[in-house]
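All remarks here apply to the structure that follows.
Number of protein chains: 2
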Amino acid sequence: MARTVREELKARKQAYVQEEILNSAERLFAERGIRAVSIDDIANNLGYTKSVVYYYFKNKNQLLWEIFQRIHVAWDGEMEELYNRTDLAPADKLAAMARLYGINVLQNRAWTTIYFRDEGELTKEQQKLLYEWKQHFDSILKNVYLEGVEKGVFKSMPPYVVVGGIIGACNFLRVWFRDTGKMTIEEVSEANVALLLGGLLIGRSRKTPKAGA
Amino acid sequence: MARTVREELKARKQAYVQEEILNSAERLFAERGIRAVSIDDIANNLGYTKSVVYYYFKNKNQLLWEIFQRIHVAWDGEMEELYNRTDLAPADKLAAMARLYGINVLQNRAWTTIYFRDEGELTKEQQKLLYEWKQHFDSILKNVYLEGVEKGVFKSMPPYVVVGGIIGACNFLRVWFRDTGKMTIEEVSEANVALLLGGLLIGRSRKTPKAGA
DNA sequence: ATGTTATTGTACTGATCGGTCAATTTTGTC
DNA sequence: GACAAAATTGACCGATCAGTACAATAACAT
Chain D
1 MARTVREELK ARKQAYVQEE ILNSAERLFA ERGIRAVSID DIANNLGYTK
51 SVVYYYFKNK NQLLWEIFQR IHVAWDGEME ELYNRTDLAP ADKLAAMARL
101 YGINVLQNRA WTTIYFRDEG ELTKEQQKLL YEWKQHFDSI LKNVYLEGVE
151 KGVFKSMPPY VVVGGIIGAC NFLRVWFRDT GKMTIEEVSE ANVALLLGGL
201 LIGRSRKTPK AGA
Chain W
214 MARTVREELK ARKQAYVQEE ILNSAERLFA ERGIRAVSID DIANNLGYTK
264 SVVYYYFKNK NQLLWEIFQR IHVAWDGEME ELYNRTDLAP ADKLAAMARL
314 YGINVLQNRA WTTIYFRDEG ELTKEQQKLL YEWKQHFDSI LKNVYLEGVE
364 KGVFKSMPPY VVVGGIIGAC NFLRVWFRDT GKMTIEEVSE ANVALLLGGL
414 LIGRSRKTPK AGA
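So the sequence lines, in the order shown, correspond to chains D and W. Each residue of the first sequence is one higher than the one before, counting from 1 in this note's numbering. Each residue of the second sequence is one higher than the one before, counting from 214 in this note's numbering.
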């Protein structure tokens with residue numbers, strides 16, 4: 001019993017340090033690119049030495065892969081949840097998805113940078129897996145769009161132009177958005193949704209579709 | 214006279230080799246990222262040794278910067294040309310710009326990759342210059358958009374959402390576009406324009422604006 | 001205290017790579 | 001062929017860095 005409590009405590013401490021290291025790596029990777037960041041940099045950033053990093057992680061690649069996994073789990077999970085909701089019509093669902101993704105991008109700019117810039121630093125196997133994740137993510141958006149087309153609410157366009165356009169526009173938000181600007185993350189994302197969905201919707205209704213949280 | 218001819222010839226030969234090296238660098242940089250490419254790689258790729266590269270270029274940074282300049286000159290020049298045309302209404306002009314840019318992205322995927330991924334490898338001064346170039350590029354699109362708003366043909370939105378959306382969507386085309394697909398570059402770009410402009414235009418007209426070449 | 005395990009520091013290795021340099025080969029000129 | 005300029009080679013230097021080995025210390029149980 002006492003044994004378990006102690007182990008539990010240790011595990012929590014370990015998890016905490018791992019988290020700390022991962023966060024440090026994340027920040028530096030995003031800022032300078034993986035290859036420009038040494039393990040020493042990551043460690044020094046926390047007042048540690050290199051050995052500590054190697055005590056908690058096997059190698060540099062594991063650090064990177066861990067980050068990719070984090071991102072995937074967080075983003076895909078939320079998106080999937082939205083996808084499975086039955087109370088939303090296609091237009092509202094797609095809008096909610098674009099809104100969510102835009103906000104995610106803006107709230108996790110470091111993640112987005114790494115996710116789309118440093119893919120090439122992964123191993124072939126990891127890249128293959130990542131490719132499948134991205135495919136899956138795309139297909140969620142695609143399905144909602146196609147459902148909308150079928151129901152006659154969306155114009156019919158090449159699906160990848162639509163999906164790519166949404167993802168591309170959202171990803172790019174982080175490039176020009178500044179926290180010091182007049183607009184909040186939510187407002188920016190909302191305007192972005194209006195731009196993207198406005199081009200899709202059929203009919204003269206001028207209002208932007210809204211989805212409940 | 215003979216002197217001049219000879220010099221001319223020599224200059225042309227030099228320019229040719231420089232071009233070759235730059236192309237090699239471009240391809241490899243885009244594929245693997247600058248830091249993952251050694252000068253040896255670039256040289257070997259052409260059957261040369263490292264020294265040849267250093268005979269024609271000062272250092273690795275110059276190679277990279279030369280590439281950035283190339284891209285800027287090519288893209289900005291074309292866009293400026295379009296901007297200065299007086300025979301196009303805002304909607305047609307903005308559509309033509311998005312169309313042009315999308316095609317540029319797809320025809321020069323290596324360029325686009327480097328331009329938006331490896332910025333951080335430039336010196337601070339170069340980054341500053343690049344930032345100004347990008348600002349200028351954005352402002353061209355922005356002005357056309359704002360003109361359209363003023364004339365009542367575009368919905369009023371935050372300009373950076375519109376400009377960023379266009380650039381972001383175009384940039385992302387290269388990520389999913391495959392030459393083996395059923396659509397040509399021009400068709401993809403056209404559909405992309407329809408998506409983006411469709412969300413901007415006021416009124417019930419369903420047709421996509423067209424611009425003369 | 002004593003032994004044990006978890007954690008961290010120090011010093012090192014081996015490899016890579018940007019950049020330099022002197023020597024050599026090639027090219028073109030007279 | 002002799003000479004000079006251009007082009008190319010190969011060997012080398014110094015720095016950086018991922019990863020390892022092992023010693024040193026901290027933490028904790030008994």
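All residues carry an ideal CB built from backbone N, CA and C; glycine is no exception. Keep in mind it's a predicted model, so treat the numbers as computed, not measured.
Proximity of D:Arg178 to chain W, defined by a Cβ-Cβ separation below 7 Å, is not satisfied. In chain order, Leu235 place their CB closer than 7 Å to the CB of W:Glu279, counting only its own chain and leaving out the 5 sequence neighbours on each side.
Interface criterion met: the Cβ of D:Ala169 is under 7 Å from a Cβ in chain W.
About 6 Å separates the Cβ atoms of W:Leu408 and D:Val161, confirming a contact at the 8 Å cut-off. The residues Leu413 and Ile415, in chain order, have a CB closer than 7 Å to that of W:Lys368 in the same chain once the five nearest residues on each side in sequence are set aside. In terms of CA proximity to W:Ile252, W:Tyr267 leads the group W:Tyr267, W:Leu313, W:Glu244 and W:Leu359.
In this model, D:Ala36 and D:Lys93 are separated by some 40 Å (Cα to Cα). Using beta-carbon distances, D:Val105 does not count as an interface residue toward chain W, since no partner is under 7 Å.
C-alpha of D:Ala91 to C-alpha of W:Asn258: approximately 50 Å in a straight line. Among the residues of chain W, those whose CB is under 9 Å from the CB of D:Leu197 are Gly412, following chain order. The beta carbon of D:Pro158 sits closer than 7 Å to some beta carbon of chain W. Within the same chain, Cβ atoms closer than 8 Å to the Cβ of W:Gln227 are found at Tyr269, the five residues on either side in sequence being excluded. Of the other Cβ atoms in all chains shown, fewer than 16 fall within 10 Å of the Cβ of D:Thr49; this residue is therefore exposed. A Cβ-Cβ contact shorter than 7 Å links W:Tyr296 with W:Ile353.
With a cutoff of 7 Å on beta-carbon distance, W:Arg391 and W:Val318 are scored as not near each other. The three-state secondary structure of D:Phe154, taken from DSSP, is strand. When the alpha-carbon of W:Pro371 is set against those of D:Arg27, D:Gly168 and D:Thr184, the nearest one is in D:Thr184. For D:Gly120, the closest of W:Phe242, W:Leu222 and W:Gln282 by C-alpha to C-alpha distance is W:Phe242.
Annotation for W:Ser402: the continuous alpha helix (DSSP H) segment containing it runs Ile398 to Gly411. Contact annotation, D:Phe137 with W:Asn384: C-beta distance approximately 18 Å; criterion of less than 8 Å not satisfied. Interface flag for D:Gly152 against chain W is unset, since no Cβ pair is found closer than 7 Å. Within the region 236 to 255 of chain W, the residues whose Cβ lies closer than 9 Å to any Cβ of chain D are, in chain order, Glu244, Arg245, Gly246, Ile247, Arg248 and Ala249. Rounded to whole angstroms, the separation of the alpha carbons of W:Glu232 and W:Ala224 is 12 Å.
Chain-ordered listing is empty here: chain D has no CB closer than 8 Å to the CB of W:Asn321, the nearest sitting near 17 Å. Annotation: D:Ala96 to W:Val406 spans about 23 Å, alpha carbon to alpha carbon. In this model, D:Phe68 and D:Tyr115 are separated by some 7 Å (Cα to Cα). With 16 or more other Cβ atoms inside 10 Å of its own Cβ, D:Glu190 counts as buried.
Under a 10 Å Cβ-count criterion, W:Gly411 is classified as buried, with 16 or more other Cβ atoms of the shown protein chains found around its own Cβ. What W:Met396 touches in chain D, judged by beta-carbon distance under 7 Å, is Pro158, going in chain order. Chain order gives the chain W residues near D:Phe172 as Gly377, Gly378, Ile380, Gly381, Ala382, Asn384 and Phe385, where near means a beta carbon separation below 8 Å. Annotation for W:Val362: Ser369 place their beta carbon closer than 6 Å to its own, counting only its chain and skipping 5 residues before and after.
Around the CB of W:Lys341, fewer than 16 other CB atoms lie within 10 Å, so the residue is classed as exposed. When DSSP states are grouped into helix, strand and coil, D:Leu201 belongs to the strand group.
When rounded, the separation of the alpha-carbon atoms in D:Ala25 and D:Leu63 is 7 Å.
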